[in-house]
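Student: The listed protein sequences correspond, in order, to chains R and D.
Take any residue in the first sequence, count from 1 to its spot, add 1: that is its number in the working numbering.
Take any residue in the second sequence, count from 1 to its spot, add 1: that is its number in the working numbering.
Number of protein chains: 2
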Amino acid sequence: MPRTRVDTRAEIRAVAAELFTRQGFEKTSLREVAERLGITKAALYYHFPSKADLMRGIVQPLVDEIEELLADREAADGADPRQFLADYFDVILRYRQVFELMIRDVAALAQLDLLHQMLAWRDRIYRMLVGPDASPAQIARATVAIGGLQDCALTEAAVDEFRDAALDAAYAALGR
Amino acid sequence: MPRTRVDTRAEIRAVAAELFTRQGFEKTSLREVAERLGITKAALYYHFPSKADLMRGIVQPLVDEIEELLADREAADGADPRQFLADYFDVILRYRQVFELMIRDVAALAQLDLLHQMLAWRDRIYRMLVGPDASPAQIARATVAIGGLQDCALTEAAVDEFRDAALDAAYAALGR
DNA sequence: GTCTATACGTTGATAGAC
DNA sequence: GTCTATCAACGTATAGAC
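(1) Closer than 8 Å between beta carbons: that is the criterion. Which residues of the stretch 127 to 154 of chain D meet it against chain R?
(2) Can you check whether the C-beta of A173 (chain R) is within less than 7 Å of a C-beta belonging to chain D?
(3) Can you tell me which of the three DSSP states R125 (chain R) falls into?
(4) Count the other CB atoms, across all protein chains shown, that sit within 10 Å of the CB of R142 (chain R); report buried if there are 16 or more and exposed otherwise.
(5) Enumerate, from N- to C-terminal direction, the unbroken beta strand (DSSP E) stretches of 3 or more residues contained entirely within the stretch 25 to 66 of chain D.
(6) Which of the three DSSP states, helix, strand or coil, is assigned to E157 (chain R)?
(7) Below 9 Å on C-beta distance, what does E27 (chain R) contact in chain D?
(8) Under a three-way DSSP split, which group does D177 (chain R) fall into?
(9) Go through its chain and collect everything with a Cβ distance to E101 (chain R)'s Cβ below 7 Å, but skip five positions before and after it.
(10) What residues in the stretch 153 to 168 of chain R bring their beta carbon closer than 8 Å to a beta carbon of chain D?
(11) Just the Cα atoms here: how many angstroms apart are S51 (chain D) and D78 (chain D)?
(12) From this set, D:M129, D:E12, D:V60 and D:L115, which residue's C-alpha is nearest Y89 (chain D)'s C-alpha?
(13) Of all the options R:M56, R:A174 and R:D165, which has the alpha carbon lying nearest to the alpha carbon of D1 (chain R)?
(14) For the stretch 91 to 106 of chain R, enumerate the residues whose C-beta is nearer than 9 Å to any C-beta of chain D, in chain order.
(15) Applying a beta-carbon distance threshold of less than 9 Å, which residues of chain R neighbour G176 (chain D)?
(16) Between V60 (chain D) and V99 (chain D), what straight-line distance do the alpha-carbon atoms span, to the nearest angstrom?
(17) Can you round the beta-carbon distance between G149 (chain D) and A174 (chain R) to whole angstroms, since I take them to be within the 8 Å contact cut?
(18) Taking the alpha helix (DSSP H) that A87 (chain R) belongs to, which residues open and close that run?
(19) Please give the ranges of any alpha helix (DSSP H) in the stretch 97 to 123 of chain R, keeping only runs that are unbroken, at least 4 residues long and fully inside the region.
(20) What's the call for V7 (chain D), buried or exposed, on a 16-neighbour Cβ count within 10 Å?
(21) Roughly how many angstroms separate the alpha carbons of R1 (chain R) and D169 (chain R), rounded to a whole number?
(22) Are the beta-carbon atoms of L71 (chain R) and Y96 (chain R) separated by less than 7 Å?
(23) Taking buried to mean at least 16 other C-beta atoms within 10 Å of its own C-beta, is M2 (chain D) buried or exposed?
Shown next as structure tokens:
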């Protein structure tokens with residue numbers, strides 16, 4: 002007896018995302034995901050060809066948005082670093098849960114050939130913040146700014162005061 | 002025929018640490034660790050009662066040092082924030098590989114009942130950097146500083162210029 | 001689109017010999 | 001300390017009915 006579902010794939014992603022975040026990707030079995038939804042393991046395989054594909058389905062929207070943001074700013078050169086920090090921060094805040102999953106389970110991401118892309122992001126971001134020929138010191142400052150913001154995105158306290166102060170701190174770290 | 006080993010437990014830890022870091026805790030099997038050492042899986046169990054205990058053995062030295070640093074600074078109140086940032090940074094730099102393992106595989110850490118302790122660290126560090134009654138804005142600044150330094154510790158470029166700039170950036174993020 | 005049933009490899013872990 | 005042999009549990013995945 003099939004259940005009434007508006008969008009089964011979306012529901013699977015939602016449940017899986019929550020379990021993956023709480024217990025980790027590897028420690029969550031497909032049987033567990035299926036039981037939560039009241040379907041069987043085999044039904045999952047109808048919607049997603051593998052566990053990795055399920056993970057990819059969860060993460061892809063965030064990946065696409067970041068890729069879009071980067072391409073956008075690279076096209077318009079002479080971008081404002083302060084504005085970029087704000088935009089980047091807002092993207093990962095909007096995808097807070099998914100972003101937490103990615104950060105908390107980097108090992109799982111590596112299996113999706115996504116790690117390479119993420120490392121490339123870092124270099125592109127550095128280039129935008131401190132230029133293409135940055136010194137180690139400038140790289141360090143950019144790393145503190147971006148890494149600091151990412152850590153802030155993982156905390157719950159998303160009040161405006163918190164967001165603005167985080168951006169101020171990140172910009173201050175750049176030392177401009 | 003037993004191999005000549007100075008310290009078998011230490012060698013197991015070293016090999017496991019490298020594999021865990023590269024492939025993730027869950028994706029690394031004990032068989033794989035054993036094969037690298039030229040022994041069998043069963044031999045591993047003589048030295049470590051479980052896979053989780055092996056992980057704990059790898060991580061424990063860093064955990065102990067951070068715990069020690071925090072206790073030390075809490076005893077001497079009125080500690081210098083700048084000095085604390087430097088000391089904390091130096092500890093995680095010294096344990097760079099292990100620290101990377103912990104950060105890259107937070108999901109595995111949760112199984113060791115270590116996540117709780119790490120979250121407690123965060124609060125204790127915030128208290129030292131911005132006081133016990135900090136505003137959300139001050140928490141945000143402390144988060145950028147610490148999160149930024151941790152990200153810096155994960156990169157390879159450990160030249161002095163990089164280290165000093167990272168500390169400057171973290172201190173600037175505090176906004177004092 | 002979802003189910004039952006099933007297959008197969010791998011894993012963490014144990015027992016007991018040497 | 002290390003081995004061989006073995007285990008149950010779990011993972012992914014497929015075939016075929018409805």
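Using N, Cα and C, we set each Cβ at its ideal position, and we do this for glycine too.
Tutor: Looking at the coordinates:
(1) S136, P137, A138, Q139, I140, A141, R142, T144, V145, A146, I147, G148, G149, L150, Q151, D152 and C153
(2) The count along the first sequence starts at 1 and reaches residue 173 (chain R) at position 172. A173 (chain R) counts as touching chain D.
(3) The residue labelled residue 125 (chain R) in the question sits at position 124 within the first sequence. The answer is helix: DSSP assigns R125 (chain R) an H, G or I state.
(4) Residue numbering aside, residue 142 (chain R) sits at position 141 when the first sequence is read from its first letter. So R142 (chain R) counts as buried.
(5) none
(6) Locating residue 157 (chain R) in the first sequence gives position 156, counting from the first residue. It is coil, neither helix nor strand.
(7) Reading the first sequence from its first residue, position 26 is the one you call residue 27 (chain R). Under the 9 Å cutoff, chain D gives G25, F26, E27, K28, A108 and A109.
(8) Walking along the first sequence from the start, residue 177 (chain R) turns up at place 176. Residue identity differs from the one stated: residue 177 (chain R) is Arg in this sequence, not Asp. If DSSP states are grouped into helix, strand and coil, R177 (chain R) belongs with coil.
(9) What you label residue 101 (chain R) is simply residue 100 of the first sequence in a count that begins at 1. If we look at E101 (chain R) and ignore the five residues flanking it on each side, its Cβ neighbours are T22 and L155.
(10) C153, T156, A158, V160, E162, F163, R164, D165, A166 and A167
(11) Numbered from 1 along the second sequence, position 50 holds the residue referred to as residue 51 (chain D). Numbered from 1 along the second sequence, position 77 holds the residue referred to as residue 78 (chain D). About 40 Å.
(12) On the second sequence, residue 89 (chain D) is found 88 positions in, with the first residue counted as 1. Comparing Cα positions, the closest option is D:M129.
(13) Limits of chain R in this structure are 2 at one end and 177 at the other, which puts residue 1 (chain R) out of reach.
(14) I104, R105 and D106
(15) Residue numbering aside, residue 176 (chain D) sits at position 175 when the second sequence is read from its first letter. By Cβ distance, chain R contributes A166, D169, A170 and A173.
(16) To locate residue 60 (chain D), count along the second sequence from 1; it is residue 59. To locate residue 99 (chain D), count along the second sequence from 1; it is residue 98. Taking the straight line from one Cα to the other gives about 6 Å.
(17) Within the second sequence, the letter at position 148 stands for residue 149 (chain D). Within the first sequence, the letter at position 173 stands for residue 174 (chain R). About 6 Å separates the two Cβ atoms, so the contact holds.
(18) What you label residue 87 (chain R) is simply residue 86 of the first sequence in a count that begins at 1. Element bounds for A87 (chain R): P82 to R95.
(19) 97 to 105 and 107 to 111
(20) For this step, residue 7 (chain D) is matched to residue 6 along the second sequence. Counting Cβ neighbours within 10 Å, V7 (chain D) comes out exposed, since fewer than 16 surround it.
(21) Residue 1 (chain R) is absent from the model: chain R starts at 2 and stops at 177.
(22) Residue numbering aside, residue 71 (chain R) sits at position 70 when the first sequence is read from its first letter. Residue numbering aside, residue 96 (chain R) sits at position 95 when the first sequence is read from its first letter. Contact flag unset, no.
(23) Counting from one through the second sequence, the residue named residue 2 (chain D) turns up at place 1. Its pLDDT being 48, under 50, M2 (chain D) is placed unreliably by the model, and the measurement read from it follows with that caveat. By the 10 Å Cβ count, M2 (chain D) comes out exposed.
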